[in-house]
Amino acid sequence: MSSSIKIPRGTQDLMPGQVEKWQYVENKIRDICARYNYDEIRTPLFEQVELFLRGVGETTDVVQKEIYRLETKGEEKLALRPEGTAGVVRSFIEKKLYGAANQPQKLFYIGPMYRYERPQAGRFRQFHQFGVEVIGATDPAVDAEVISLAMRIYQAFGLTGLSVEINSVGTIEDRKSHRAALLDVLNPVREELCEDCRSRIDRNPLRVLDCKNNKCQTLTKDAPSILEHLSDESKEHFSTVLSYLEGLGIPYNVNPRLVRGLDYYTRTAFEIKMAEIGAVETLCGGGRYNGLVAELGGEDSPGIGFAFGVERLLLALEKQNIEIPVATGIDCYVAIQTPDAKGQAFVLVDQLRQAGISAEMDYLDRKMKAQFKAADRLEAKFTVVIGESELANNTVVLKEMATGEQQEVPATELAGLLSSKLS
RNA sequence: GCGGUCGUGGCGAAGUGGCUAACGCAUCGGAUUGUGGCUCCGACAUUCGUGGGUUCGAUUCCCAUCGAUCGCCCCA
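Heads up: the first sequence at position 275 corresponds to 361 in this note's numbering, and the numbers run straight through without jumps.
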């Protein structure tokens, strides 16, 4: 036997039993989105690499080492999408949604994303994100709506112990002034910082503040906060977002050191965390991206959004022992007593299915005993038996599995009878 | 890219440098010749991720490799 081909690393087969959970989660999310008036958008799984270089940021880890680039015959340089926002914004521009009737545009997506990383708990190479984007409004109420939507979804699943970490990373100008002040503090201690932070100083000094290394934390504990460098408008925006959140009763924690890993964020940045789901505690991340649409070649439009990992949501539910209801079992199993009855059984099963009854039969020529075991395993509510005498009389034996009661009924009346018994 | 742990039948899991590689679940057959969920009996790994080495002999020791998993980094 030759060696078999295995599933690519960091991907998973969603098997029966698991898929139903995903469907439940997706349905619930779609339902809530409808109530918030968000419409679904589906964009390609791959895009021009350039979209991600410009959209996500060339210096980010996601782009520098995690992008799956595609070999193609043509000139196009393509890549699998590592996140959803860039594609949605590209589509917004290309489909001229800035001119659409509904403004702002409120969109959501749910689907697979790809990042080349070492897999671990709650992290895969092909993973699934649900995310929303609101494009065309600067209103702080939209920031608060987006954050609350994420929270309400988690709450709808029954998750508790979540915290919203929020910050404002300001505008490009705000950051410029902050950056200068920050470098005045960082450069003198450059050599004492960890290796990662030394390279962060040049790429994005803001991220040094987010380092988990204790020594770096100590060295930077008096570093200027971005919040001190916000313009009056940015300050006003931020405080209004916070007051809206308070109005909704959503607790938050202002974390001046919170930095998002993608470059496009401006002003509001937030994360939703849950302790104890393994090493990764961030369930959701998002923020405002007022410069992104213009950066990608569109008419300047403000935007805000978030994304969360479906796998992480499932992991979080598991950690909190929240059961996902999964419907199992079929209505009727048709057991074949004699090979002569097979054709009749086959037709019967088809009739039941057409009548809206879920039905199954034996395809392995098993004995009655084994067929009843199969019916049991399928959690069949009823089992129908067709044997020689039933075949001769054009009847079937209908057995209710829970009670063990059985009766002989005309084959033509089975579907009707079962329908009424099942309703 | 770096580090820890692990890799035995469909699944879970014991085990030892050398007798037929435990056991549990599942599956199949029988006790019950047209009927399940309980019980009892029986069957089911020329083989211990893969390749190489040490050895009279390796699933057990060594090396490599692949994979899984957890963690670092980063992120959802």
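For each residue, glycine too, the CB sits at the ideal point set by N, CA and C.
Pairwise C-alpha distance: residue j and residue i
i	j	result
G377	A223	13 Å
S88	Q212	Its pLDDT being 49, under 50, S88 is placed unreliably by the model, and the measurement read from it follows with that caveat. Their Cα atoms are separated by approximately 27 Å.
I422	P102	27 Å
L399	T498	48 Å
R209	E367	11 Å
Q437	F468	15 Å
L503	L450	28 Å
L295	R346	12 Å
G143	G389	17 Å
G462	K453	Strictly speaking, residue 462 in this sequence is Asp, with Gly absent from that position. Those two C-alpha atoms are separated by around 14 Å.
A309	K359	25 Å
W108	A460	26 Å
V495	K114	41 Å
G383	I91	43 Å
Y154	E491	60 Å
A355	F138	20 Å
E231	G333	11 Å
A187	S329	30 Å
A441	K181	44 Å
N480	K405	54 Å
A488	R439	22 Å
D288	N339	28 Å
D318	R116	38 Å
A431	R95	44 Å
P190	N273	43 Å
E277	A120	52 Å
Same chain only: Cβ atoms within 7 Å of residue i, ignoring 5 sequence neighbours per side
i	result
H323	P226 and R353
T326	P226
Q104	none
S311	P342
T97	F210, R211 and Q212
Closest by C-alpha distance to residue i, when choosing among the options
i	options	result
R167	V396, G141 and Y200	Y200
Y375	E385, G391, M360 and G383	G391
Y184	I221, V495 and A393	I221
L156	K301, E381, L500 and Y202	Y202
Q457	F394, I115, D296 and V420	V420
L403	N113, L139, E152 and A242	A242
R204	E152, S249 and A165	E152
L279	C297, R289 and K262	C297
V275	K301, R265 and Y338	K301
Short Cβ contact (7 Å threshold) for residue i with residue j
i	j	result
V482	E476	yes
G170	G217	yes
E126	F178	no
T424	E486	no
N253	L344	yes
I239	I118	yes
L313	P291	no
T129	G160	no
V379	V175	yes
Y110	I410	yes
V412	E112	no
L235	Y122	yes
R286	R293	yes
Q493	L484	yes
Cβ distance (whole Å) where residue i is taken to contact residue j below 8 Å
i	j	result
T146	D349	6 Å
I336	M237	6 Å
L331	I258	Not confirmed; about 25 Å, so no contact.
V271	T306	7 Å
Y351	V255	6 Å
I443	S505	7 Å
A445	V435	5 Å
A393	G415	Contact flag wrong, Cβ pair sits at about 36 Å.
D386	S320	At roughly 17 Å, the Cβ-Cβ gap does not stay under 8 Å, so D386 and S320 are not in contact.
H315	S263	5 Å
A207	L401	7 Å
Cβ-based neighbour list, residue i, same chain, cut-off 6 Å, excluding 5 preceding and 5 following
i	result
H214	P198 and V396
L508	D417
K163	V135
Y124	K192, F194 and V218
Sequence-distant residues of the same chain with beta carbon closer than 8 Å to residue i, five excluded per side
i	result
A361	G247 and E367
N341	E251, I252 and N253
D99	I93
F132	L156, L164, A165, L166 and R167
E381	R140, G141 and Y350
E465	T414, G415 and I416
K428	I422
heavy atom of the ligand ATP below 6 Å from residue i C-beta
i	result
S320	The ligand ATP is absent from the structure shown, which contains no ligand whatsoever.
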